[in-house]
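As structure tokens, the structure follows; a few thoughts come after it.
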């Protein structure tokens, strides 16, 4: 009887161990498609570059055309209301909607995330102060990861300054003064080039796990002339050149594995809003300002026009969680976007 009892206990123990191992294996398989396929992520944001305005000229933009040729792309991803910059860039940084981040307008500052009462501002659902971001999700799960935030628009200082999750940041206005006779788009474009150069320096020196970039001149051109004007498309071509320079840096920088960094990097190109005439945030909003591009290329990503798929529900909140998933980072608990598994090979 004693031997029989020991055998029964041993059998139960082995079954329990087998169940745990099987459960652990299933947990690995439970990750969405594309999980951990990239070691680096570069997100390029072009302010004011509406999807309708990209679809018309993609073949005239060699760098951006590579996304259409080799990646997964839509020009009909929908942004957030109100269709102004801060709420939408906050959405890309957090994968949360406006009522979750509390970022309702371009004048939002960190202090607004910790209001003294209930009648002036709204604290983020992730906790008072600055909302949970891509940077915090990466750093909390991989403290050794390096992060970079490079931007032209002043508002991004609210994300960059005194942020323990952002290792390296740069504001494009530093050291650049607009000339008295210089147009706003031309000055912003010089600042964008400064941002591009700092980004390239960071890529070559640090090979960051996560790099987020913001360019501003296209939006400036839309406001100073109109969306779709000659100067608007001239600034679009300038952004394509800046994207090309960043892609070249990724292609010529070798990682510790000896591979070009671009082979281990998911690259995303996004925009916050489009526009009509010389403005946006129109009431009611419509396609020219609501549709924004989402272009993705990188390891395991197939070449697909997402706008031709039967199911075409794409939101600006989807990019952050898709990028995190590619990095092998589980999205934060407050993030609301959908991981775009359909961009990966079966």
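Numbering (the numbering used here), first residue to last: 81 to 426. Where is the CB? At the ideal position from N, CA and C, for every residue including glycine.
When rounded, the separation of the alpha-carbon atoms in residue 336 and residue 153 is 30 Å. Contact annotation: residue 323 and residue 143 have beta-carbon atoms nearer than 7 Å. In this model, residue 259 and residue 297 are separated by some 15 Å (Cα to Cα). Taking a cut-off of 8 Å for Cβ pairs, the stretch 306 to 323 and the stretch 218 to 238 do not touch, as fewer than three such pairs fall below it. DSSP places residue 313 in the uninterrupted alpha helix (DSSP H) bounded by 310 to 332. In terms of Cβ geometry, residue 312 and residue 132 do not form a close pair [threshold 7 Å]. Distances from the CA of residue 327 to each of 283, 294, 289 were compared; the closest alpha carbon is that of 283.
The criterion of a C-beta distance shorter than 7 Å is not satisfied by residue 302 and residue 268.
Annotated three-state conformation of residue 346 is strand, per DSSP. Within the DSSP bridge table, the entry for residue 158 names 371, 395 as partners. Just so you know, the alpha carbons of residue 202 and residue 417 end up roughly 21 Å apart. Per DSSP, reduced to three states, the secondary structure at residue 184 is coil, with no helix or strand assignment. Taking C-beta atoms as the reference points, residue 419 and residue 401 count as a pair closer than 7 Å.
Short of 6 Å from the beta carbon of residue 359, and not among the five residues preceding or following it, lies no beta carbon of its own chain.
Collapsing the DSSP output to three states places residue 403 in a helix. When beta bridges are read from the DSSP output, residue 251 appears opposite 231. Boundaries for residue 146: no beta strand (DSSP E) harbours it, while the alpha helix (DSSP H) harbouring it runs 142 to 150, taken from the DSSP string. Counted as a single uninterrupted DSSP element, the alpha helix (DSSP H) harbouring residue 134 occupies residues 131 to 135. With a cutoff of 7 Å on beta-carbon distance, residue 294 and residue 185 are scored as not near each other. Sequence-distant Cβ neighbours of residue 248 in its own chain, meaning closer than 6 Å and more than five residues away, are 228, 282. For residue 115, no beta strand (DSSP E) segment is defined, and its DSSP state is neither H nor E. In chain order, 158 place their CB closer than 6 Å to the CB of residue 395, counting only its own chain and leaving out the 5 sequence neighbours on each side. Beta bridge pairing from DSSP links residue 122 with 291, 347. Here the stretch 173 to 183 makes no contact with the stretch 374 to 389; the two share fewer than three CB pairs at distances below 8 Å. Within the DSSP bridge table, the entry for residue 381 names 424 as partners. Under the criterion of beta carbons closer than 8 Å, residue 291 and residue 410 do not qualify as touching, at roughly 20 Å. In the DSSP assignment, no residue is bridged to residue 267. When the alpha-carbon of residue 181 is set against those of 168, 211, 197, the nearest one is in 211. Rounded to the nearest whole angstrom, the C-alpha separation of residue 204 and residue 261 is 42 Å.
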